[in-house]
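Quick note on my numbering: the sequence shown kicks off at 53 and runs consecutively. Inspection log for the structure reproduced underneath, given as structure tokens.
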Amino acid sequence: MELAELHTRAGLETDGTAQDEEFNGAGVRKKSAAHGSKTYILRSVLHPTIIEHAALTDERILEEETADAPSEDDDDETYTPQHYGCLISWSSADQLGALGILYTILALILVGGRVVSDSELHAYLKRLGLPPTGVVNFSAQSTQPTQSVENYLFTLIKQGYLDRIQVGDAKKGGKGKNAKRARTTQADEENGVTYEWRWGTRSQSEVGETAIAKFVAEFMVGEADDDEDDGTRARQGAGLRLERMTKGIERAAGGHLSDIK
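Below is the structure:
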């Protein structure tokens, strides 16, 4: 694990080619404004390839897990199935359901040009069976077993994964730099106040746009079937489709995809 400082929103929006130092009018080098937020997170330093291989199913591990599982005659109601056949125990890992919702939201924002309106996001989630009053389930490791979709979204804001920004009154125009983050109230709806969703700084530091683009591309393209007669050619074709899909996602996002910052 490593201790990483989250960037500020201004720091993330700064041109990636900008230097930490710049010259003033007299030609004297001066230090630019700090981009650190003085907020820190712990994140894994394991190479993604190691994690990917640790998540692969191994028949030998699966057989051992099945042999160690309680029989159907046991009355142990607290037992949680752990038949994954890999080195990672998903039953005690992160909140997979909630994490899947977060990654889906990040993907929708990314392919929407790195921003999506409040109404569009809720429409997308509703089509996925996640209306505002829907339920997000958490594992036993969580302090609360469930949350409504709406409350979960604001939990993600508090945790820094998402930003929800007020962009102004529909009648008066956006507020630009004075845009603020807020909950929707009945008065907002009556006055025509609009909001938009963006990635939070924590998502940039923990996930990165490149990883989400890969997640979307692999889902859309799928994997080549190793049982096909021409499996090698099929995998090569899938690789080309994956590359084209990733480039399409990059264009939809509006430019170069950034890695973890």
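C-beta atoms are modelled at their ideal positions from N, C-alpha and C, and glycine is treated no differently.
Helix, strand or coil at residue i according to DSSP, with G and I counted as helix
i    : result
L151 : helix
R233 : Unreliable positioning characterises R233 in this predicted model, as indicated by a pLDDT of 47, which lies under 50. The coordinate reading is nonetheless provided below. Three-state DSSP puts R233 in coil, outside helix and strand.
Y136 : coil
H99  : coil
D120 : helix
D170 : helix
S191 : coil
G228 : Its pLDDT being 47, under 50, G228 is placed unreliably by the model, and the measurement read from it follows with that caveat. Three-state DSSP puts G228 in a helix.
L300 : Just to set this straight, residue 300 is Gly in the shown sequence, not Leu. In this structure, G300 counts as helix in the three-state DSSP scheme.
H308 : coil
K90  : strand
7 Å CB neighbourhood of residue i in its chain, flanking five on each side removed
i    : result
S191 : Q147
A150 : V188, F190, Y204
A107 : C138, I140
Beta-carbon contacts of residue i that lie in its chain and below 6 Å, excluding the five residues immediately before and after
i    : result
G137 : T109, D110, I113, L114
T198 : V187, N189
P100 : none
E295 : none
Alpha carbon of residue i to alpha carbon of residue j, nearest angstrom
i    : j    : result
K299 : E116 : 42 Å
H308 : L180 : 28 Å
G306 : W251 : 14 Å
T60  : G88  : 6 Å
G289 : R303 : 21 Å
I291 : I102 : First, the amino acid is wrong: residue 291 is Gly here, not Ile. Cα to Cα, G291 sits roughly 21 Å from I102.
M297 : D120 : 42 Å
L58  : T253 : 6 Å
Y176 : S255 : 20 Å
V273 : S171 : 28 Å
Sequence-distant residues of its chain with Cβ nearer than 8 Å to residue i (five each side left out)
i    : result
T195 : none
S200 : P184, T185, G186, V187, V188
L94  : M53, E54, L55, A56
Assumed close pair residue i, residue j - CB separation to whole angstroms, cut-off 8 Å
i    : j    : result
V268 : E248 : With a Cβ gap of about 20 Å, V268 and E248 do not count as contacting.
S310 : E261 : 5 Å
Y92  : L154 : About 20 Å; that fails the 8 Å criterion.
I209 : A265 : Their Cβ separation, rounded to whole angstroms, is 23 Å, which puts I209 and A265 out of contact at 8 Å.
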